[in-house]
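Report on the structure given below.
Protein chains: 2
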Amino acid sequence: MAAQGLDGLLLLTEPEVRYFSGFHTLFWQSPTRPWFLFVPAKGKPVAVIPSIGADLMRRTWIDDIRTWSAPAPQDDGISLLTDLLAPIAGGGGTIGMMKGHETSLRMPLADYERLLAGLPGLNITDATALVRAQRMVKSEAEIEKLAHICAIGSKTFAQMPKIAFAGQPLEALFRDFRREALRLGADDVPYLVGGADQGGYSDVISPPSARPLQEGDIVMLDTGATWDGYFCDFDRNFAIGKADDLSCRAHEVLWRATEAGLAAARPGTTCRDLFHAMQNVISGFDTSGGDIGRLGHGLGMQLTEWPSHAVFDDTVLEENMVLTLEPSLSYGAGKMMVHEENIVVREGGAELLSARAPRELPVI
Amino acid sequence: MAAQGLDGLLLLTEPEVRYFSGFHTLFWQSPTRPWFLFVPAKGKPVAVIPSIGADLMRRTWIDDIRTWSAPAPQDDGISLLTDLLAPIAGGGGTIGMMKGHETSLRMPLADYERLLAGLPGLNITDATALVRAQRMVKSEAEIEKLAHICAIGSKTFAQMPKIAFAGQPLEALFRDFRREALRLGADDVPYLVGGADQGGYSDVISPPSARPLQEGDIVMLDTGATWDGYFCDFDRNFAIGKADDLSCRAHEVLWRATEAGLAAARPGTTCRDLFHAMQNVISGFDTSGGDIGRLGHGLGMQLTEWPSHAVFDDTVLEENMVLTLEPSLSYGAGKMMVHEENIVVREGGAELLSARAPRELPVI
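Sequence lines, in order, name chains A and B. The first sequence lines up with residues 1 to 364 when you count with our numbering. The second sequence lines up with residues 1001 to 1364 when you count with our numbering.
See the structure below:
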């Protein structure tokens, strides 16, 4: 903040408020109430939050907690924020907010405009790069949590031969997978997508259908499970009963692409380099390009975080970044296959957090 | 839109995009990509979305689907949106956006500012009231989905005597409750909060602790489970082994407050009236006021929706609104109790979607 001339950061989003305060609650799922954390250039953060959260915030390291009885559509924290920021505005000061890629404004836009109108001297600048640089490199405590949920995810996938079978509707498999992850210690499985079809799937973002699994199906599940507020995010492919040759080859190519990613993911490598390392393997098999736009991303308090393994991202990998490697390809008649592992970048190179997928497409 | 002189609505948030298009995916959980739906004053909506969603969008009623390969930090849909809106901006036209209470801007703020800068003639007005009026009143198809997930929630709570017991850590009860809801047909249980302590709980927003349930605990679980994209949202209180008198009285008061809410929730009643109907019962027992700020809210594609049963909300209830009744009170030494039912407002009055809680605090 000193280098960028910032008098503080105004944070509105769940991961940022939690990261700087320790405030952890599912209450964010209700869109009704905004929550604010101001991180001044000097001193401890100030929380400006609905009074329903005061007790929980008092258990964090934050001392200065300013509350209002929310919801209050006429003044949902705006006058409290105005009071807090008025001294900075009066001095022609500058605060940072998250305005950049992969961010959103988690407060009513009209309230934001009203806040600005009440603080005419205030300069607001984009602090995305600042917060991103901080959050991308994980502490050992964060890595421990991520390793824990990745291990639970791996154990859950190891149960697939028991829970997936021909005749089972895909939506029932989704329920059983979630139940298994919970049984094995996940707090929740907020994200679960996948696909299944003869000789390969073609859709990885729809809700699951009631179509029963059949012999010859390729089935993929991709899960974002959580433990203590941290996500795993990886997938696995399986064949039901028997596997067709083309899908086996696709799986082998993705496995090798991931090997190339694992070898490349060292401190000093750029995300663009990491993308090319994986893409070079894929392009020998899939010449169509595909439209995922990237081959992996950061992982932590969110299912997906910066950086992106993509041509546009020249982020240099650092020790203790936690990342996904997520090569994907198109093949056959409109089929696609995705594959994903979770890693932490260490001084000596990539360390797997997910149990490495087998090279050969497993048949169950 | 005609009455308000709008040339269209630009929608950015998951429930709004889904409501007007039918586009349903968990992919929104990744903050990486923005998704846009433009609803013109005349004709069918236009989707401006990452290409990864094109196949799924093609299965909705939307024909005009404009895509880009996301993520693309330099141009994440902005030039496509600019092209779409330029004719309106050129004519000095006006579009509506969700800027009001309980909304947020789900795109990077810097991209929004860049969009505005590229469309100098464009007027943007708040369309929250317009969309809110539409979404608050549910179709029979929506009510069917809500009734289905409320029934699953009720069946799950009916299993509490089997899954909750003295000695069980609260966090394990949370996992077992989620597993039970999934077994009984929920697609997911994204929201689950609660509390447990001797003679009453005092915290309803923290993640569950590892503290084992004890005889004399009052335990409360509040769940937002989903089915086909629609939520239930209600809670239940139980005593472990034995119930103290004060907690029994608190439960009885909340049950009676809910009865008053059920009687008042008819077409023509305002949300303020509904608040007072419940608050009048509570205030005989709890004179502290409390700080929840409201005694229930709308329910549907979101865990909480407009309106709010609160003094500030003069929304008039209409047939086919789906609501929660959520009286709460403080009692004893810093204890609180919450209670919640889900209803649909019919011509003749409130119709319960959740199986009515017993008048007496159940002991398990």
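Ideal placement from N, C-alpha and C gives every residue a C-beta, glycine not left out. This structure is a prediction, so every number in the text was calculated from the model and none was measured.
Euclidean distance between Cα positions of residue i and residue j
i	j	result
B:Arg1356	B:Asp1286	23 angstroms
A:Leu329	A:Val338	7 angstroms
A:Arg135	A:Arg18	11 angstroms
B:Leu1009	A:Pro120	30 angstroms
A:Ala210	A:Ser308	34 angstroms
B:Val1137	B:Val1345	9 angstroms
A:Pro23	A:Ala47	Before going on, a small fix: residue 23 of chain A reads as Phe here, not Pro. The alpha-carbon atoms of A:Phe23 and A:Ala47 are separated by roughly 10 angstroms.
A:Lys145	A:Phe36	25 angstroms
B:Asn1342	B:Tyr1230	13 angstroms
B:Gly1284	B:Val1253	9 angstroms
A:Ala86	B:Gly1349	49 angstroms
A:Arg266	A:Val322	12 angstroms
B:Glu1215	B:Gly1200	12 angstroms
B:Pro1031	B:Met1278	39 angstroms
B:Thr1082	B:Asp1314	38 angstroms
B:Met1107	B:Ala1186	30 angstroms
B:Asp1248	B:Asp1235	It should be noted that the sequence gives Cys, not Asp, for residue 1248 of chain B. Roughly 16 angstroms between the two C-alpha positions.
B:Thr1013	B:Phe1038	12 angstroms
A:Gln168	B:Glu1319	40 angstroms
A:Pro15	B:Glu1340	29 angstroms
B:Ser1288	A:Thr60	26 angstroms
A:Arg178	A:Asp233	14 angstroms
B:Phe1027	B:Ile1052	10 angstroms
A:Gln4	A:Met301	26 angstroms
Neighbouring residues, chain A, relative to residue i (Cβ below 9 angstroms)
i	result
B:Asp1203	Asp55, Leu56
B:Phe1312	Pro71, Ala72, Pro73, Gln74
B:Pro1190	Leu26, Gln29, Asp188, Pro190
Contact under 7 angstroms by Cβ, residue i with residue j
i	j	result
A:Asp76	A:Pro34	yes
A:Thr223	A:Gly153	yes
B:Val1316	B:Arg1272	no
A:Thr128	A:Met98	yes
A:Gly69	B:Gly1293	The sequence given here places Ser at residue 69 of chain A; Gly does not occur at that position. Yes.
A:Leu105	B:Leu1246	no
A:Glu171	A:Pro212	no
B:Arg1359	B:Trp1255	yes
B:Gly1194	B:Met1220	yes
B:Asp1007	B:Ile1062	no
B:Pro1045	B:Ser1021	yes
B:Thr1025	A:Ile49	no
B:Met1336	B:Ser1202	yes
B:Leu1327	B:Ala1250	The sequence shown places Pro at residue 1327 of chain B, not Leu. The answer is no: Cβ separation not under 7 angstroms.
B:Leu1303	B:Tyr1191	yes
A:Trp306	A:Arg66	no
B:Cys1150	B:Leu1274	no
A:Pro73	B:His1101	yes
Where residue i meets chain B, residues with beta-carbon distance less than 9 angstroms
i	result
A:Glu421	Only positions 1 to 364 of chain A appear in the structure, and residue 421 of chain A is not among them; the question remains open.
A:Gly167	The premise fails here: A:Gly167 is roughly 18 angstroms from chain B at the closest Cβ pair, so nothing lies under 9 angstroms.
Where residue i meets chain A, residues with beta-carbon distance less than 7 angstroms
i	result
B:Asp1126	Ala110
B:Val1193	Leu26
B:Leu1182	Arg175, Arg178, Arg179
B:Gln1302	Pro31
B:Leu1105	Ser104, Leu105, Leu109
Below-7 angstroms beta-carbon distance, residue i vs any chain C residue
i	result
A:Arg179	Any reference to chain C falls outside this structure, whose protein chains are A and B.
Interface partners of residue i on chain B, CB under 8 angstroms
i	result
A:Gly91	Result: empty, since nearest Cβ-Cβ is about 23 angstroms, beyond 8 angstroms.
A:Met220	The premise fails here: A:Met220 is roughly 14 angstroms from chain B at the closest Cβ pair, so nothing lies under 8 angstroms.
A:Met97	Leu1109
Contacts of residue i in chain A (Cβ-Cβ under 8 angstroms)
i	result
B:Ser1308	Thr32, Pro71
B:Gly1224	Gln29
Point to revise | At least 3 beta-carbon pairs within less than 8 angstroms: the stretch 1255-1270 of chain B vs the stretch 1179-1191 of chain B | key: Taking a cut-off of 8 angstroms on C-beta distances, the stretch 1255-1270 of chain B does not touch the stretch 1179-1191 of chain B, as fewer than three cross pairs fall below it.
Check your understanding: Unbroken beta strand (DSSP E) runs of length 3 or more, entirely within the stretch 1311-1357 of chain B: which are they?
Key -> Runs found: 1322-1325, 1328-1331, 1335-1338, 1341-1346, 1349-1352.
Practice item. Identify every run of the alpha helix (DSSP H) within the stretch 83-123 of chain A, keeping only runs that are complete inside it and at least 4 residues long; order them along the chain. Key: Secondary structure within the stretch 83-123 of chain A: the alpha helix (DSSP H) runs of 4 or more consecutive residues, fully enclosed, are 109-117 (chain order).
Review point. Using 8 angstroms as the threshold, is the stretch 52-61 of chain A in touch with the stretch 93-101 of chain A, meaning 3 or more CB pairs across them?
Key: As far as the Cβ criterion goes, the stretch 52-61 of chain A does not touch the stretch 93-101 of chain A, which means the pair count is below three.
Check your understanding: Taking three-plus beta-carbon pairs below 8 angstroms as touching, is the stretch 162-170 of chain A in contact with the stretch 226-244 of chain A?
Key -> Yes, they touch.
**Study point:** Whole beta strand (DSSP E) elements within the stretch 1024-1073 of chain B, 3-residue minimum
**Key:** If we require 3 residues or more, the beta strand (DSSP E) runs fully inside the stretch 1024-1073 of chain B come out as 1036-1040, 1046-1050, 1064-1068.
Review point. Can you find at least 3 beta carbon pairs, one from the stretch 290-306 of chain A and one from the stretch 113-126 of chain A, that sit closer than 8 angstroms?
Key: Taking 8 angstroms as the limit for Cβ pairs, the verdict is that the stretch 113-126 of chain A does not touch the stretch 290-306 of chain A.
Practice item. Taking only runs that begin and end inside the stretch 1164-1194 of chain B, name each unbroken alpha helix (DSSP H) of 4 or more residues, in chain order. Key: Taken in chain order, the complete alpha helix (DSSP H) segments of 4 residues or longer contained in the stretch 1164-1194 of chain B are 1170-1183.
Check your understanding: Along the chain, which unbroken stretches of the alpha helix (DSSP H) at least 4 residues long are found entirely within the stretch 205-280 of chain A?
Key -> Those alpha helix (DSSP H) runs which fall completely within the stretch 205-280 of chain A and span 4+ residues are 245-264.
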